[in-house]
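Peer 1: Numbering (this note's numbering), first residue to last: 1406 to 1900. The C-beta atom is built at its ideal place from N, Cα and C for all residues, glycine as well.
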């Protein structure tokens, strides 16, 4: 039953009730507040308790019958709140209450009880059964939703992450009709997120376990848990799925509405921060760079000077590096995060001076399709192993940067921050980084030949700190290419 909170204001005593999270969207409010119209002491507490009971019944009916009118049910419940005190009052369910008050107050309470009875607060009738039709098994709806995602050409990473989240949810709540997914199921999911171990799929002790078994095992261990932002992403994916079901009228409301993992302050605290000049000097200190593999050498440099996302860089093909109207740049056009991510990014002079174009030519001569051969092109994408190496080994262990708000994605924030300090407008920064900018021309065509020179000049205006990055001699990675070809040949012979 909703717990009443009595509030003493200048205009008199009020009672406030918290609306259950799963019903706030339908009710349209987080709280319900009502004046007690001058009533105090025992009578005020009685009236608040009676209204709380009536509201609990109204909330129950809203859950049982998603097609019912919340305004009508709540109006009936609130109509039972009049003022007054009682002597001896017997409720329809047999409960007797004794208190003190005037005859007029006593009569008002009796009238209130009659109103509450009419509203159904004390009815022993069985709850109204749902009248909505069956919507299909949860597993079936998940399968169809994921198929729709593929048809919309979402990125493989997005599809993979969404499939994982929905698989966990299904494993936790069981396969049931979609219409039977309830707030209790949301509680189960939120509890699982609170205990789910970070990188569980990569830890042998959790291999082969069902989601329920993972949670049970994790509750007895001291493993590091999911970061708040990661939990929020899981909740967001589930929310999108259920909203799709609601939009298609398969369910009456989204059980995820009103749920959050973090508050605004926590979100701001978890936001990735840009690298400062000290960080950059440590990251590109020649003693910290061992260019054995091309992706470990070039991807951090490209991240700094282009602001591109990790997977955008890791999946580049050699044909994506092109010279257009005298401007060298790279096409970001394959598996992108959103439509505005498709773009052509001019290369700064530093990248040309460091020999990036020479490296591309050597990869072409070795007949490799990808700019960074050897990276896996399936699963979470080629950026996954690069991120693991950079964030866990290079950043933390080699360079000693242990701030949890800094990762490879901080290069993107660094680029945007330096661009802003250099006087570029938000729209021009978005044009370089692939952020959505409202009705930006990015949504129409990502090469934008007419603005190419302007973008080349913009990226050249950004003032970066002076760093001691050494250019590698031409053909430096040719031995790596030969070793990779030898490994591929051995694999083919085994097959």
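1. Who does residue 1417 pair with in a DSSP beta bridge?
2. So which of 1445, 1409, 1748, 1818 has the shortest CA-CA distance to residue 1721?
3. Just how far apart, CA to CA, sit residue 1870 and residue 1613?
4. Since residue 1923 and residue 1866 are thought to touch, with beta carbons under 8 Å apart, how far apart are those beta carbons, to the nearest angstrom?
5. So residue 1778 and residue 1790 are in contact, right, with Cβ under 8 Å, and what is the actual spacing, rounded?
6. I'd like the ranges of any alpha helix (DSSP H) spanning at least 4 consecutive residues and lying wholly in the segment 1656 to 1744.
7. Using alpha carbons as the reference points, say which of 1548, 1678, 1425 lies closest to residue 1462.
8. I'd like the list of long-range same chain contacts for residue 1880, defined as Cβ closer than 7 Å, with 5 residues on each side in sequence excluded.
9. Using the beta-carbon count (16 or more within 10 Å), is residue 1489 buried or exposed?
10. What's the gap between the Cα of residue 1575 and the Cα of residue 1567?
11. Suppose contacts are defined by Cβ-Cβ distances below 7 Å. Is residue 1628 in contact with residue 1602 by that definition?
12. If you draw a straight line from the alpha carbon of residue 1890 to that of residue 1898, how long is it in whole angstroms?
13. Quick check: the segment 1638 to 1649 against the segment 1619 to 1627, are there 3 or more CB pairs under 8 Å?
14. Can you tell me whether residue 1751 is helix, strand or coil according to DSSP?
15. When you compare only the Cα positions, how much space is there between residue 1816 and residue 1894?
16. Within 10 angstroms of its Cβ, does residue 1809 collect 16 or more other Cβ (buried), or is it exposed?
17. Which of the three DSSP states, helix, strand or coil, is assigned to residue 1532?
18. Under 7 Å, do residue 1706 and residue 1718 count as touching if we go by C-beta distance?
19. Look at residue 1562 and residue 1786 and say whether their C-beta atoms are less than 7 Å apart.
20. In the segment 1539 to 1615, which residue ranges form an unbroken beta strand (DSSP E) of at least 3 residues, counting only runs that do not cross its ends?
21. Quick test of the definition: if touching needs 3 or more C-beta pairs under 8 Å, does the segment 1682 to 1701 touch the segment 1821 to 1840?
22. If we call anything under 7 Å between Cβ atoms a contact, is residue 1873 one with residue 1751?
23. Would you tell me roughly how many angstroms separate the C-alpha atoms of residue 1631 and residue 1807, rounded to the nearest one?
24. For residue 1540, is the classification buried or exposed, using 16 other Cβ atoms within 10 angstroms of its Cβ as the cut-off for buried?
25. Quick test of your reading: residue 1811 and residue 1678, contact by CB under 8 Å. State the CB separation rounded to the nearest angstrom.
26. Report yes if the C-beta distance between residue 1450 and residue 1436 is below 7 Å; otherwise report no.
27. Here's the rule I'm using: 16 or more other beta-carbon atoms within 10 Å means buried, otherwise exposed. How should residue 1604 be labelled?
28. Once the 5 residues before and after residue 1769 are set aside, which same chain residues still bring their CB inside 6 Å of it?
29. In three-state terms, what does DSSP make of residue 1654?
30. Cα separation between residue 1620 and residue 1571?
31. Looking at residue 1655 and residue 1804, is the spacing between their C-beta atoms short of 7 Å?
32. In three-state terms, what does DSSP make of residue 1445?
33. Could you work out which residue in 1650, 1597, 1579 is closest to residue 1633 when comparing CA atoms only?
34. In the DSSP assignment, what are the bridge partners of residue 1422?
35. Using a Cβ-Cβ cut-off of 7 Å (strictly less than) and excluding sequence neighbours within five positions of residue 1760, which residues of its own chain qualify?
36. Using alpha carbons as the reference points, say which of 1819, 1455, 1467, 1730 lies closest to residue 1428.
Peer 2: Reading from the atomic positions:
1. Counted from its first residue, the chain shown places residue 1417 at position 12. Paired residue(s): 1414.
2. Translated into positions along the chain shown, residue 1721 becomes position 316. With distances taken between Cα atoms, residue 1721 lies closest to 1748.
3. One-based indexing of the chain shown puts residue 1870 at position 465. One-based indexing of the chain shown puts residue 1613 at position 208. Their Cα atoms are separated by approximately 48 Å.
4. Since the first residue shown for the chain is 1406 and the last is 1900, residue 1923 is missing from the structure and cannot be characterised.
5. Stepping through the chain shown from its first residue, residue 1778 is reached at position 373. Stepping through the chain shown from its first residue, residue 1790 is reached at position 385. That belief does not hold up - the Cβ atoms of residue 1778 and residue 1790 are roughly 13 Å apart, past 8 Å.
6. You should have 1669 to 1675, 1682 to 1688, 1699 to 1711, 1715 to 1719.
7. Sequence index remark: in the chain shown, residue 1462 carries index 57 (1-based). With distances taken between Cα atoms, residue 1462 lies closest to 1425.
8. Walking along the chain shown from the start, residue 1880 turns up at place 475. Taken in chain order, the residues that qualify are 1767.
9. For the purposes of this step, residue 1489 is identified with residue 84 of the chain shown, where counting begins at 1. The predicted model places residue 1489 with a pLDDT of 38, which falls under 50 and marks its position as unreliable; any figure quoted below should be read in that light. Answer is buried; the Cβ neighbour count reaches 16.
10. Against the chain shown, residue 1575 aligns to sequence position 170. Against the chain shown, residue 1567 aligns to sequence position 162. For residue 1575 and residue 1567, the distance between alpha carbons rounds to 12 Å.
11. Taking the chain shown and counting its residues from 1, one reaches residue 1628 at position 223. Taking the chain shown and counting its residues from 1, one reaches residue 1602 at position 197. Contact flag set, yes.
12. Here residue 1890 is taken as the residue at index 485 of the chain shown, counted from 1. Here residue 1898 is taken as the residue at index 493 of the chain shown, counted from 1. The alpha-carbon of residue 1890 is positioned some 12 Å away from that of residue 1898.
13. In this structure the segment 1638 to 1649 does not lie against the segment 1619 to 1627, because fewer than three pairs of beta carbons, one per stretch, are closer than 8 Å.
14. For the purposes of this step, residue 1751 is taken as residue 346 along the chain shown, with counting starting at 1. In the structure shown, residue 1751 sits in a strand (DSSP, three-state: E or B).
15. In the chain shown, counting from the first residue as 1, residue 1816 sits at position 411. In the chain shown, counting from the first residue as 1, residue 1894 sits at position 489. Roughly 36 Å between the two C-alpha positions.
16. Within the chain shown, residue 1809 is the residue found at index 404, counting from 1. Taking every protein chain shown into account, the CB of residue 1809 has fewer than 16 other CB atoms within 10 angstroms, so this residue is exposed.
17. Here residue 1532 is taken as the residue at index 127 of the chain shown, counted from 1. For residue 1532, the pLDDT reaches just 49, beneath the cut-off of 50, and the residue's location in the model is therefore unreliable, although a value from the coordinates is still provided. The three-state reading of DSSP puts residue 1532 in coil, since its state is none of H, G, I, E or B.
18. Translated into positions along the chain shown, residue 1706 becomes position 301. Translated into positions along the chain shown, residue 1718 becomes position 313. No, these two residues do not count as a Cβ contact at 7 Å.
19. Translated into the one-based positions of the chain shown, residue 1562 becomes position 157. Translated into the one-based positions of the chain shown, residue 1786 becomes position 381. Yes, they are a contact pair.
20. You should have found no qualifying run.
21. Touching, no, given that fewer than three Cβ pairs across the two stretches are closer than 8 Å.
22. Counting from 1 along the chain shown, the entry for residue 1873 is found at position 468. Counting from 1 along the chain shown, the entry for residue 1751 is found at position 346. No, the pair does not count as a contact, with Cβ atoms beyond the cut-off.
23. On the chain shown, residue 1631 is found 226 positions in, with the first residue counted as 1. On the chain shown, residue 1807 is found 402 positions in, with the first residue counted as 1. Approximately 18 Å, taken between the alpha carbons.
24. Working through the chain shown from its first residue, we reach residue 1540 at position 135. So residue 1540 counts as buried.
25. For the purposes of this step, residue 1811 is taken as the residue at position 406 of the chain shown. For the purposes of this step, residue 1678 is taken as the residue at position 273 of the chain shown. With a Cβ gap of about 6 Å, residue 1811 and residue 1678 count as contacting.
26. Counting from 1 along the chain shown, the entry for residue 1450 is found at position 45. Counting from 1 along the chain shown, the entry for residue 1436 is found at position 31. At the C-beta level, residue 1450 and residue 1436 stay beyond 7 Å of one another.
27. In the chain shown, residue 1604 corresponds to position 199, counting from 1. Exposed: under 16 other Cβ atoms inside 10 Å.
28. Here residue 1769 is taken as the residue at index 364 of the chain shown, counted from 1. Apart from the 5 residues on each side of it in sequence, residue 1769 sits with its Cβ closer than 6 Å to the Cβ of 1723 in its chain, given in chain order.
29. Mapped onto the chain shown, residue 1654 falls at position 249. Coil.
30. What you label residue 1620 is simply residue 215 of the chain shown in a count that begins at 1. What you label residue 1571 is simply residue 166 of the chain shown in a count that begins at 1. Rounded to the nearest angstrom, the two C-alpha atoms are 16 Å apart.
31. As a first step, residue 1804 is located in the chain shown; it is residue number 399 there, counting from the start. As a first step, residue 1655 is located in the chain shown; it is residue number 250 there, counting from the start. Going by beta carbons, residue 1804 and residue 1655 fall outside the 7 Å limit.
32. Stepping through the chain shown from its first residue, residue 1445 is reached at position 40. Collapsing the DSSP output to three states places residue 1445 in coil.
33. Residue mapping note: residue 1633 aligns to position 228 of the chain shown, counting from 1. When each option's Cα is compared against that of residue 1633, the closest is 1597.
34. In the chain shown, residue 1422 corresponds to position 17, counting from 1. Checking the DSSP bridge columns, you'll see residue 1422 partnered with 1437.
35. Counted from its first residue, the chain shown places residue 1760 at position 355. If the five residues before and after residue 1760 are omitted, its C-beta is found closer than 7 Å to the C-beta atoms of 1876, 1877, 1879, all from its own chain and listed in chain order.
36. Here residue 1428 corresponds to residue number 23 of the chain shown, with the count starting at 1. Among 1819, 1455, 1467, 1730, the Cα nearest to that of residue 1428 belongs to 1467.
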